[in-house]
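Student: Residues in the sequence shown are numbered from 650 upward in steps of one, following our numbering.
All residues carry an ideal CB built from backbone N, CA and C; glycine is no exception.
Note that the structure is predicted; figures quoted are calculated from it, not measured.
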Amino acid sequence: MIQPTEEGRAGLWLVYHASIVESMSAALSAAPVFELESAPAVEALLRFRDQFVFFGDAVGRFHAGPHVDNQFEQIRRQFDLTDDAQRQRFQESQDLWYHIAVSNIETHVKAMRRYRATLANSLNGGAEVEAGAVAA
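1. Per DSSP, what kind of secondary structure is Arg698 in: helix, strand or coil?
2. Please report the distance separating the alpha-carbon of Asn773 from that of Ser752.
3. Which of the three DSSP states is assigned to His757 in this structure?
4. Determine whether the beta carbon atoms of Ile724 and Ser742 lie at a separation below 8 Å.
5. Beta carbon of Arg698, beta carbon of Ser674: below 8 Å?
6. Does the distance from the C-beta atom of Phe703 to that of His757 stay below 8 Å?
7. Are Val834 and Gly705 close, meaning C-beta to C-beta below 8 Å?
8. Is the beta carbon of Gln720 less than 8 Å from the beta carbon of Ala760?
9. Just how far apart, CA to CA, sit Gly781 and Arg762?
10. So, under 8 Å CB-CB, Asp729 and Gln735 are touching, yes? Tell me the CB distance rounded to an integer number of Å.
11. May I have a chain-ordered list of the alpha helix (DSSP H) segments no shorter than 4 residues that lie completely inside the stretch 696-732?
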């Protein structure tokens, strides 16, 4: 589980640094889609690739944090951070930003798992692939 903390951000970035995500996306883009023998396999591969790109974007936003998010910056300006009550509400808004960012990452991971399972099933002639074998 991804933790919406500084440690969680740093740990996720070590594993899914932008260069790693870009390399994986390039490899998926170079895959010979025309050699796949079924429409579901082609669709699953293309959707998996797209979700991997979206996942990389979500990880990058999470790693950068709310202070580089233009929309969050507009929210921050609404608070008087010298006032204790407003500072508390700002902290709650920031916590919510992190939880939404984590949720976005998890959404893309679930989609990648689903498309990877569909691709694997298509390539295996429809044989079911164990859920444990389909890790993103």
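Tutor: Reading it off the structure:
1. Within the sequence shown, the letter at position 49 stands for residue 698. It is helical.
2. Position 124 of the sequence shown, counted from the start, is the residue given in the question as residue 773. Position 103 of the sequence shown, counted from the start, is the residue given in the question as residue 752. When rounded, the separation of the alpha-carbon atoms in Asn773 and Ser752 is 31 Å.
3. By one-based count along the sequence shown, residue 757 stands at place 108. Residue state, collapsed to three classes: helix.
4. Mapped onto the sequence shown, residue 724 falls at position 75. Mapped onto the sequence shown, residue 742 falls at position 93. Yes. Within cutoff.
5. As a working mapping, residue 698 is identified with position 49 in the sequence shown. As a working mapping, residue 674 is identified with position 25 in the sequence shown. Yes.
6. Reading the sequence shown from its first residue, position 54 is the one you call residue 703. Reading the sequence shown from its first residue, position 108 is the one you call residue 757. Taking 8 Å as the Cβ cut-off, Phe703 and His757 qualify as a contacting pair.
7. For residue 834 there is no data in the structure shown, the boundaries of the chain being 650 and 785.
8. For the purposes of this step, residue 720 is taken as the residue at position 71 of the sequence shown. For the purposes of this step, residue 760 is taken as the residue at position 111 of the sequence shown. The answer is no: Cβ separation not under 8 Å.
9. Translated into positions along the sequence shown, residue 781 becomes position 132. Translated into positions along the sequence shown, residue 762 becomes position 113. Here Gly781 scores only 48 on pLDDT, less than 50, and its place in the model should not be relied on; the value that follows carries that caveat. Rounded to whole angstroms, the gap between the alpha carbons of Gly781 and Arg762 is 10 Å.
10. Here residue 729 refers to the residue found at position 80 of the sequence shown. Here residue 735 refers to the residue found at position 86 of the sequence shown. So it is a contact: roughly 5 Å between Cβ atoms.
11. Fully enclosed alpha helix (DSSP H) runs of 4 or longer: 719-725.
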